[in-house]
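Numbering (our numbering), first residue to last: 442 to 630.
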Amino acid sequence: MINKDSSFTPIKLPSAQQIASYEATKIQTACINAITKDFGNKLRMVVNKLIGLKQRISQLTSDLKKQGYSKEETKAKIKSNILEPATQLKLAIPSRDISRIPKEFQDQKAIINCIKDILSAYPETYKSKLDKGYIWGKVLNLSSKPFKDQGLNSSMEFRGTIMTDGIGISVIKQNFDTSKGGASNPKAS
442 MINKDSSFTP
452 IKLPSAQQIA
462 SYEATKIQTA
472 CINAITKDFG
482 NKLRMVVNKL
492 IGLKQRISQL
502 TSDLKKQGYS
512 KEETKAKIKS
522 NILEPATQLK
532 LAIPSRDISR
542 IPKEFQDQKA
552 IINCIKDILS
562 AYPETYKSKL
572 DKGYIWGKVL
582 NLSSKPFKDQ
592 GLNSSMEFRG
602 TIMTDGIGIS
612 VIKQNFDTSK
622 GGASNPKAS
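Written as structure tokens, this is what we have:
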């Protein structure tokens with residue numbers, strides 16, 4: 442009951458149940474979209490922490506520097522000894538196939554058990570697709586004209602980047618893959 446001395450007047454909401462249902466659906470959709478969008482990145486971040494990626498790179502860099510290796514040789518060793526196995530581990534996770542995990546991680550039961558625990562929270566049908574082409578192929582016809590390779594020797598390719606203003610889209614084609622640092626730091630093809 443409203444206090445008669447108060448100046449509060451309740452607002453009339455004839456469709457309160459419908460409004461509440463709509464708002465609940467918006468919240469649920471936003472939550473599912475956030476999980477879908479960020480799960481792969483967060484999982485890879487957790488895996489990097491679990492395997493001590495930064496510490497392993499730092500230790501190997503220090504050891505190789507003491508042994509007199511050049512920067513190029515050090516980068517190559519880091520890539521082959523640490524980064525490639527870590528990438529293989531991250532790519533093996535969505536398949537849930539323990540046999541695909543690199544040998545150097547198979548004996549680390551704590552890592553494997555932690556990854557299993559994380560994935561057990563998601564349905565068996567969940568697959569983390571890391572390939573931009575696969576993802577865009579689910580919503581766009583990648584065999585249509587705008588996505589065809591162009592330029593000398595078809596060097597201009599769609600490499601997974603699309604820009605939009607909310608109405609139309611622009612398909613970005615490049616001569617090289619971009620790396621984490623952006624187009625100024627191209628990956629070797």
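The beta carbon of each residue, even a glycine, is placed where N, CA and C say it ideally should be.
- In the three-state DSSP reduction, K557 falls in the helix class (H, G or I).
- Within the same chain, Cβ atoms closer than 8 Å to the Cβ of F546 are found at I492, P526, L530, I552 and I553, the five residues on either side in sequence being excluded.
- Contact between I542 and A533 holds, with the beta-carbon distance rounding to 5 Å and staying under 8 Å.
- Residue nearest to L484 within the set I556, D590 and I610 is I556 (criterion: CA-CA distance).
- The three-state reading of DSSP puts K614 in strand, counting E and B together.
- Counting along the chain, Y510 sits inside no alpha helix (DSSP H), nor does DSSP assign it H or E at all.
- Between I519 and L494, the C-beta spacing is not below 7 Å.
- Here DSSP, grouped into helix, strand and coil, assigns Q459 to helix.
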